[in-house]
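All you need for our numbering is the position in the sequence shown, starting with 1, plus 30.
No residue lacks a Cβ here, since even glycine has one placed at the ideal position from N, Cα and C.
Here the structure comes first, spelled out in structure tokens, and everything after it is commentary.
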Amino acid sequence: MGEDVESRAVELDIRGKKRIFDVDDPVLPDWVKEQALESAEFPYKKKLNEEDYLSQLKKLQVELVKVQFWLQATGKRVMALFEGRDAAGKGGAISASSAHMNPRLARVVALAKPTEREQGQWYFQRYVAQFPTSGEFVLFDRSWYNRAGVEPVMGFCTPQQYEAFLKQAPQLEKIIAHEGIFLFKFYLDIGREMQLQRFHDRRHDPLKVWKLSSMDIAALTKWGDYSEKRDRMLKETHTDFAPWTVIRANDKRRARLQLIRHMLNRMDYDGKDKSALGEADEQIIGSGPGFLK
């Protein structure tokens, strides 16, 4: 059944109330269920209809195939970073984006924890080794921005390393921009009750239980710490040459469509069908730290 998760209930401060949440309890609490979709001021009361979602997604995926032909013809390179809290929907967004791409030209990078050798390297070194070559599209399921969130919150880096990262990341990204590589930085934002619901779904679905880790459980009581690090990351590393695109992701379907649409709109590829792209939903997608305020 995947990684063993210690059975325990935690006390959480939710909207000014003390709540007990036990991910091992098969019954999802009503206070989670009722608030999940609209948590974090999500603007919709219902998820996007599946039929509408699949219809729009197919059109966008056809455009992504065109992008791959364009990359091959021109030698251009694309990188997309997918960041967000645990259960924010990063993996699903990557799957929706890359589902019909040629796997020889589209790579998903999800690095494991650094080896002893990698721990002695320049922090960015193992990520730079994964950068795209001519004609390639690389999607990072978490990236060097681990050092702006998970690592400082969980004590996996020193305060000095954290501060150095916030200064160095924009410097690296300026070089990427000068290289002519398309760099997309996505932060998928979800509400607290939505995260709890997704953790619960993982715990009790035998096909998803492997996704729930002891790190997820440890993070339950660190919501505020992660929020603080998220806000600082967006503020310090949002630049004109490498901006953050923030997506309200309580509804995975809307999030995926907006994310793919954003990438397609930013690239001037051959055969682009603007009518297939649709419009950006400014309630779901925005730029930089100001979008979440």
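Let me make sure I understand the geometry here. Which of the options has the alpha-carbon closest to that of residue i?
i: serine 173; options: Glu80, Gln227, Val138, Asn280; result: Val138
i: glutamate 166; options: Ile205, Lys47, Gln227, Val95; result: Val95
i: proline 189; options: Arg177, Ala199, Gly114; result: Arg177
i: lysine 304; options: Gln151, Gln86, Pro273; result: Gln86
i: arginine 284; options: Asp116, Arg262, Gln227, Asp311; result: Asp311
i: glycine 179; options: Glu223, Arg38, Asp82, Glu113; result: Glu113
i: glycine 105; options: Ile205, Pro162, Pro59, Leu141; result: Pro162
i: lysine 306; options: Gly316, Arg291, Val183; result: Note that residue 306 is alanine in the sequence shown here, rather than lysine. Ranking the options by Cα distance to alanine 306, first place goes to Arg291.
i: arginine 107; options: Leu135, Glu80, Lys88; result: Leu135
i: leucine 242; options: Leu226, Gly254, Trp253, Thr251; result: Leu226
i: alanine 207; options: Leu90, Leu78, Ala110; result: Ala110
i: alanine 272; options: Gln288, Phe214, Gln149; result: Phe214
i: alanine 126; options: Gln91, Gln149, Ala140; result: Gln91
i: alanine 249; options: Tyr192, Lys76, Arg222, Trp240; result: Arg222
i: glycine 308; options: Leu42, Phe170, Glu93, Glu193; result: Glu93
So what's residue i in DSSP terms, helix, strand or just coil?
i: glycine 301; result: coil
i: valine 57; result: coil
i: arginine 137; result: strand
i: leucine 67; result: coil
i: lysine 76; result: coil
i: phenylalanine 195; result: helix
i: leucine 202; result: helix
i: aspartate 311; result: coil
i: glutamate 258; result: helix
i: serine 144; result: A quick correction: the sequence has proline, not serine, at residue 144. The answer is coil: DSSP assigns proline 144 none of H, G, I, E or B.
i: tryptophan 253; result: helix
i: leucine 289; result: helix
i: threonine 267; result: helix
i: serine 244; result: helix
i: phenylalanine 186; result: coil
i: lysine 96; result: helix
i: asparagine 176; result: helix
i: glutamate 81; result: helix
i: lysine 323; result: coil
i: glutamate 181; result: helix
i: glutamine 151; result: coil
i: asparagine 132; result: coil
Using DSSP's beta-bridge definition, name the partner residues of residue i.
i: glycine 316; result: Val276
i: glutamate 41; result: Ile50
i: valine 158; result: Beta-bridge pairing links valine 158 to no other residue.
i: aspartate 171; result: Phe112
- Task: At 3 residues or longer, and completely inside the region 100-130: list those beta strand (DSSP E) runs for me, N to C.
- Result: The beta strand (DSSP E) runs of length 3 or more contained entirely in the region 100-130 are, from start to end of the chain, 108-114.
- Which runs of the beta strand (DSSP E) fall wholly inside the region 204-240 and span at least 3 residues, in chain order? Segments of the beta strand (DSSP E) lying fully in the region 204-240: 212-219.
- Message: For the region 201-219 against the region 270-286, do three or more pairs of beta-carbon atoms, one drawn from each stretch, fall closer than 8 Å, so that the two count as touching?
- Response: Under the Cβ criterion (8 Å, minimum of three pairs), the region 201-219 counts as touching the region 270-286.
- Inter-stretch contact at 8 Å, needing at least 3 Cβ pairs: the region 68-77 / the region 115-132: These segments do not touch.
- Taking contact to mean at least 3 C-beta pairs separated by less than 8 Å, is the region 288-308 in contact with the region 94-110? Touching, per the Cβ criterion.
- Query: Would you call the region 257-264 and the region 47-62 in contact, with 3 or more CB pairs under 8 Å?
  - Reply: The way I'd put it, the region 257-264 doesn't touch the region 47-62; fewer than three beta-carbon pairs between them come closer than 8 Å.
- Would you call the region 222-238 and the region 110-121 in contact, with 3 or more CB pairs under 8 Å? With three or more CB-CB distances shorter than 8 Å, the region 222-238 counts as touching the region 110-121.
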